[in-house]
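Only one structure is covered here, and it is reproduced in the block below.
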Amino acid sequence: MTTLTGATLAAAGIDAVALKPTEVDVSRATALDIETLAIDYEGAAHVPEPDTIEQLASTTDVRVTAPVRADGFDPLGDDSGFDALPAGAGHVLVAGHSAYLSADEAERAVAPRLRAAVDDTSDPWVGTEGIERLALAVGGTQYELLSRTTVRDVRTLRTAGFDGSIAVYAPLVLSDSEDAMLDAVGDYAARRGPVRNALPEGAPTDSRATGRARDVLKQAIRDYALVGSVETVAERTERLHDIGVDTVVGYPARGLGPFLS
């Protein structure tokens with residue numbers, strides 16, 4: 004397998020890298036030649052230790068995802084998780100995915116908590132998934148998932164006069180192999196509503212897909228992820244930057260290994 008480098012990330016137009024603590028040793032990201040890191044939230048047990056975050060923050064702009072309904076990051080309740088974060092770490096404020104919340108946490112109102120968290124945070128990113136209008140109303144960098152409507156949505160925001168920052172998150176696979184792309188992000192794309200509805204029931208969502216399922220997934224991974232050669236991805240990210248996206252955040256769907264020299 005060809006070894007990629009941090010410089011390759013830059014060549015592909017990637018401005019920031021998203022890290023999933025359950026999948027990678029986030030401390031290894033110090034070897035990436037990238038200015039911004041965003042640490043995803045995958046449950047309280049998987050938030051990296053403060054020393055690790057502080058180490059990353061000493062050389063990069065680090066942002067830690069904080070679900071405002073979860074204990075530890077609830078500005079109207081237990082906010083001890085914020086207190087534990089190093090001063091140099093920024094925040095990505097999100098409603099929080101139900102997979103990482105208890106039944107009680109999932110019932111908590113998002114709006115007052117998000118507004119309170121924004122008021123208490125300097126220069127936050129605000130995740131828009133499922134709460135687009137609320138996220139726009141509270142301000143901060145709008146942090147969106149790449150989708151088939153991203154270009155239209157960003158253009159609409161800019162045309163309407165929104166002059167704040169916009170960041171877009173997408174799984175990233177730098178490869179010319181269609182099978183490698185499907186194995187890495189086919190399942191991710193298949194979870195999106197329009198794709199799920201278009202797929203034949205019970206069809207594989209990885210490189211085993213054939214026929215109509217494969218045709219649907221081949222398009223879907225290009226709608227919801229950044230896939231292909233460095234040059235192909237660079238063309239896509241250039242278009243995103245041209246329409247008004249400030250920061251393209253890539254989640255290395257095959258791990259950090261390919262990007263560490």
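Residue 135 in my numbering is what sits at position 132 of the sequence shown, and the numbering runs on without skipping anything. For every residue, glycine included, the Cβ atom is placed at its ideal position computed from N, Cα and C.
Taking only the alpha-carbon atoms, compute the straight-line gap between residue 75 and residue 43 and give it to the nearest angstrom. Each residue's alpha carbon lies about 15 Å from the other.
Determine the extent of the beta strand (DSSP E) in which residue 68 is found, giving its start and end residues. Boundaries of the beta strand (DSSP E) harbouring residue 68: 64-70, taken from the DSSP string.
In chain order, what residues of the same chain lie with their CB nearer than 6 Å to the CB of residue 219, ignoring the 5 residues before and after it? So the qualifying residues of the chain are 201 and 202.
Indicate whether residue 187 and residue 171 have their beta-carbon atoms separated by less than 8 Å. No Cβ-Cβ contact shorter than 8 Å links residue 187 with residue 171.
Mark residue 239 as exposed unless 16 or more other C-beta atoms lie within 10 angstroms of its C-beta, in which case mark it buried. Burial call: buried.
Less than 8 Å between the CB atoms is what I'm expecting for residue 41 and residue 59, so what's the real figure, rounded? So it is not a contact: roughly 11 Å between Cβ atoms.
What does the alpha-carbon distance come out to for the pair residue 223 and residue 110? Using only the alpha carbons, I get a separation of about 32 Å.
Leaving out the 5 sequence neighbours to the left and right, which residues in its chain are closer than 6 Å to residue 46 when beta-carbon positions are compared? The residues are 103.
Quick check on the burial criterion: 16 or more other C-beta atoms within 10 angstroms. Buried or exposed for residue 214? Flag for residue 214 reads exposed.
Go ahead and label residue 180 buried or exposed: buried means 16 or more other beta carbons lie within 10 angstroms of its beta carbon, across all protein chains shown. Per the 10 Å Cβ criterion, exposed.
Does the count of Cβ pairs from the stretch 248-261 and the stretch 24-43 closer than 8 Å reach three? As far as the Cβ criterion goes, the stretch 248-261 touches the stretch 24-43, which means the pair count is three or higher.
Through-space distance from residue 141 to residue 192, alpha-carbon basis: Looking at the two C-alpha atoms, the distance is approximately 29 Å.
Could you give the distance in angstroms between the alpha-carbon of residue 258 and the alpha-carbon of residue 61? Cα to Cα, the separation comes out at about 23 Å.
Just the Cα atoms here: how many angstroms apart are residue 114 and residue 137? Cα to Cα, the separation comes out at about 7 Å.
What three-state label does DSSP hand residue 147 in the structure shown? Looking at residue 147 - three-state DSSP - the assignment turns out to be strand.
In whole angstroms, give me the CA-to-CA distance for residue 65 and residue 19. When rounded, the separation of the alpha-carbon atoms in residue 65 and residue 19 is 10 Å.
What are the complete beta strand (DSSP E) segments, minimum 3 residues, inside the stretch 66-142? DSSP assignment within the stretch 66-142 yields the following whole beta strand (DSSP E) runs of 3 residues or more, N-terminal first: 93-97 and 128-130.
Option nearest residue 245 by Cα separation, candidates 120, 77, 155 and 89: The candidate whose alpha carbon is nearest that of residue 245 is 155.
For residue 21, the residue or residues it bridges with in DSSP: Paired residue(s): 41.
Could you check the C-alpha separation between residue 160 and residue 243 for me, to the nearest Å? The alpha-carbon separation between residue 160 and residue 243 amounts to approximately 13 Å.
Could you spell out the range, first to last residue, of the beta strand (DSSP E) harbouring residue 197? Annotation: residue 197 is outside any beta strand (DSSP E); the continuous alpha helix (DSSP H) that includes it extends over 196-201.
Starting from the C-beta of residue 70, find all residues in its chain whose C-beta is less than 6 Å away, skip the five residues before and the five after it, and write them out in chain order. Here residue 70 has 44, 76, 97 and 99 as same chain residues with Cβ atoms under 6 Å from its own Cβ, once five neighbours each way along the sequence are excluded.
Endpoints, the beta strand (DSSP E) within which residue 173 is located: 169-177 is the span of the beta strand (DSSP E), which, as asked, contains residue 173.
Provide the residue(s) that pair with residue 254 in DSSP beta bridges, ordered along the chain. Answer is 174, bridged to residue 254.
Just the C-alpha distance for residue 30 and residue 57, rounded to the nearest angstrom, thanks. Those two C-alpha atoms are separated by around 10 Å.
Reduced DSSP category for residue 160 - H, G, I as helix; E, B as strand; rest coil: Three-state result, residue 160: helix.
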